[in-house]
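In our numbering, the protein residues as written are 135 to 326. Beta carbons are placed, not taken as given, at the ideal position from N, Cα and C, and that holds for glycine. Values in this document were obtained by computation on a predicted structure and should not be read as measured data. One structure is given here, and the rest of the page talks about it.
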DNA sequence: GCTGGGATCGCCT
DNA sequence: GGCGATCCCAGCG
């Protein structure tokens, strides 16, 4: 059987380009509890020199993975209780990443409902903290490869849909930068 | 050592 | 729509 997962070269694209390229792809997690997958419908870019980026100041233990090679997972805890999942991009020693903000659930919806304690499919993955929970992604997966493990992306099967570009959510620094992207009209995004 | 704030969510009004 | 939960860690002293 052919391994369809997106290759390393996919993640070595320019970060803003990749933020848009990721829309329509499928994020898959083969966990011990079962397989879950969803279509990426909302992303945000965090760039080098961008004050909202965790790598803005310097390399620290928390953001170290962002400075590593592209195609790895950066998972961090936020507000003491939630986690966010990012795709590391850019060459080594350049801290850039794409935050995955929302998925349209496609596989393992029962398992997602169990993990999220809700049966409302529209809200299973409609936010960065929610999708991490629904997909069974944990802090222990910070730094894992997206090209050689059980967490990976599959190519977008359909023709690309219309992408809306807007400002990012929940930040104060760099709030005016147009680094948020989502699939127009998709009901599974975190907000308009 | 301390302390303030954060790429959020869900419940309450 | 507003706010409290909750904790790691960066930055400063």
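Asked	Found
C-alpha gap between residue 221 and residue 154, whole angstroms	13 Å
contact_flag[the segment 305–318, the segment 170–188] where n(CB pairs < 8 Å) is 3 or more	yes
Beta strand (DSSP E) segment containing residue 76, residue limits	Residue numbering for the chain in the displayed model covers 135 to 326; residue 76 lies beyond these limits and cannot be assessed.
Of the listed residues 248, 246 and 223, nearest to residue 205 (C-alpha basis)	223
Span separating the alpha-carbon of residue 260 from that of residue 138	26 Å
Candidates 165, 294, 326 and 312: closest to residue 245 by CA position	165
Ordered list of beta strand (DSSP E) runs contained in the segment 171–226, each at least 3 residues	207–212 and 216–222
Limits of the unbroken alpha helix (DSSP H) element including residue 266	262–269
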